[in-house]
Structure formats: C-alpha cells, structure tokens
Amino acid sequence: DVIASNRAREIDLALVEFSHEDGTPGRRWYANIADAGLGAAVCKRVNHVSKSAGGLLSYLSGTL
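Residue numbers (this note's numbering): -6 to 57.
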C-alpha cells in the first residue's frame, strides 16, 4: 500500500560501520533508534506503570 501510494516521507536513518570478529568490515543501516540492549527492558517497565505524568516523563523514569 505504501509503495502504491507513491508518497515520500522523511525518516531517521543512520549508517554504522564496524569490524566483524574476523576483521572484515561491515556496514548496517538502522532506522530511528540505536539500542544498546536496554530498550526492551525500559519499554516493558514503562508499559507496566501509569502514564498519568505523560509519556515522556514515564519513559524517562523507566530508564532509571
């Protein structure tokens, strides 16, 4: 559906370049966020608490 609509939109993309364990170079594109393994834990914690303070404050408190 998105392709058929022929509409463009901006999204956040970044490219990370790295070395594999064997020393060969690697490149990966990622969208919107880079996560160091804590994102899922924060989301799980935030989803189990009240959002009465608003989404941003709930997310920030979930990171602590």
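The beta carbon of each residue, even a glycine, is placed where N, CA and C say it ideally should be. Note that the structure is a prediction, hence the values are computed from the model and not measured.
Could you check where the alpha helix (DSSP H) with residue i kicks off and where it finishes?
| i | result |
| --- | --- |
| A34 | G32 to N40 |
With respect to the beta strand (DSSP E) encompassing residue i, which residues constitute its N-terminal and C-terminal limits?
| i | result |
| --- | --- |
| A24 | P18 to A24 |
| A7 | L6 to S12 |
Reducing DSSP to helix, strand and coil, say where residue i ends up.
| i | result |
| --- | --- |
| S51 | helix |
| A(-3) | helix |
Is the CB-CB distance between residue i and residue j below 7 Å?
| i | j | result |
| --- | --- | --- |
| V39 | Y23 | no |
| V35 | T56 | yes |
| R0 | V9 | no |
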